[in-house]
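Inspection log for the structure reproduced underneath, given as structure tokens.
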Amino acid sequence: MPIKSCTLPNGGGSGYQWGNHGKCYRSRAKAEAQAAAAHANGFTGDAKPTPKLLKPIPPNAGIEAAYRKQITVLLDEMTSSVEYWLKAGYRKNEPLMAQDSVSTDMQKIIQALIKRSIKKFDAFAPEAAEMFADKSFKHTDRTMMLQLKKMGWTVPFKVNKPMQDALNATIHENVGLIRSIPQEYLTDIEGAVMRSYAVGHDLKTMTDEIQRIGGVTRRRAAFIAHDQTSKANSVATRARSVALGFTKAVWRHSKGGKEPRPSHVAANGTVYEQAKGLLIDGEMILPGTLPNCKCLGVILVE
Ligand SMILES: [Zn+2]
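Counted the way my numbering counts, the sequence shown spans residues 326 to 627.
Right, here's the structure in full:
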């Protein structure tokens, strides 16, 4: 506890006081003597210590659900259109025997579907990714601000360059992921149609295969929404807290995961430099950024 200046009673001018507890003395030596006496009597600090850790900030389930829904709506539109046109084309050009090649008619249908779907997703991706990243970063910011306020901190929440960079990187990554959805889906669909002609499948077998691929794609989209929500939260937590001067965090393993990584369980409680991340399995990583990782970084406020 430092020696502070104080005002002596009865207009006596400025004096010296031990912390907020001591008497106001004219001489600094007397205030220091009082401090020494208090410590000798067992004083170890203020009764209410300043908290040193922020509460973990988990990713927001509402943001994840909204993002997943937005992608799924477009995805469902694509899969039902693909199913409809391919069925119609297959009926007209059904392979009569195995080894029949895909007809020009069928090829045209596939190419048109690829072109149309990719165009739609490309148009949708930038706006959806920006909205998602923006909401994610704001959620993390608001949560952190409320916690700091409760702890008595008043901090300016301005966006600095590293934070803007982190936000842009999140948008960029999500644009790429959204755009990859129709590309991967249609590559698989095209392969399934080719195979159907090569082995002479009937319409039902081909339709089943198309639906199976649609299911895989839907699960992949849900995974993207889940994973990116966690990652954006982690990146935003790091960017904001570092901007506020809190450079260290504690790795907190979440017990919620179904298959926890033993290395992440072992990392629980480890303090790491936020700028670098923590070395786990040979890689410097941040919590919550690997697939299905529910670990969180708890900010050290010093
Ligand atoms: Zn983890």
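Virtual Cβ for every residue (Gly too), placed ideally from N, Cα, C.
Mapping DSSP to helix, strand and coil, what is residue i?
| i | result |
| --- | --- |
| Glu598 | strand |
| Met431 | helix |
| Leu400 | helix |
| Leu378 | strand |
| Val590 | helix |
| Lys460 | helix |
| Ser566 | helix |
| Met469 | helix |
| Lys580 | coil |
| Pro334 | coil |
| Val560 | helix |
| Ser442 | helix |
| Gly477 | coil |
| Glu452 | helix |
| Lys631 | Because the chain in this structure spans residues 326 to 627, residue 631 falls outside the shown range and cannot be described. |
| Glu628 | No answer is possible for residue 628: the residues shown for the chain start at 326 and end at 627. |
When DSSP builds the beta bridges, which residues end up paired with residue i?
| i | result |
| --- | --- |
| Lys329 | Gln342 |
| Ala574 | Tyr597 and Ile624 |
| Met609 | Leu604 |
| Tyr409 | BP columns for Tyr409 are empty, so no partner. |
| Tyr350 | Tyr341 |
At a cut-off of 6 Å, would you count residue i as near ligand 1, judging by its Cβ distance to the nearest heavy atom?
| i | result |
| --- | --- |
| Ala551 | Just to set this straight, residue 551 is His in the shown sequence, not Ala. Answer for His551: no, Cβ out of range of ligand 1. |
| Cys331 | no |
| His526 | no |
| Cys349 | no |
| His464 | no |
| His589 | yes |
Among the options, which residue has its Cα nearest to the Cα of residue i?
| i | options | result |
| --- | --- | --- |
| Gly582 | Lys355, Pro383, Glu608 and Cys620 | Cys620 |
| Trp343 | Ala354, Asn335 and Gly336 | Ala354 |
| Asn617 | Gly607, Lys433 and His551 | His551 |
| Ile439 | His526, Thr512 and Ala453 | Thr512 |
| Ile388 | Thr429, Thr404, Phe462 and Ile503 | Phe462 |
| Leu471 | Tyr510, Leu379, Glu357 and Leu625 | Leu379 |
| Val623 | Thr468, Pro420, Gln536 and Asn335 | Thr468 |
| Phe449 | Lys486, Ser505, Asp425 and Val596 | Ser505 |
| Phe446 | Ala600, Asn499, Ala360 and Ile514 | Asn499 |
| Trp576 | Leu603, Ala358, Val407 and His526 | Leu603 |
| Glu627 | Tyr392, Lys377, Ala360 and Val407 | Lys377 |
| Pro384 | Ala561, Ala592, Thr532 and Asp425 | Ala561 |
| His464 | Ala386, Thr332, Leu399 and Glu584 | Ala386 |
| Val596 | Ser352, Lys573, Glu584 and Ser555 | Lys573 |
| Trp410 | Ala362, Ile496 and Lys433 | Lys433 |
| Pro481 | Leu333, Gln424 and Ala568 | Ala568 |
**Request:** Just list the alpha helix (DSSP H) runs in the region 482 to 554, keeping only unbroken ones of 4 residues or longer that don't cross its boundaries, in chain order.
**Result:** 486 to 524
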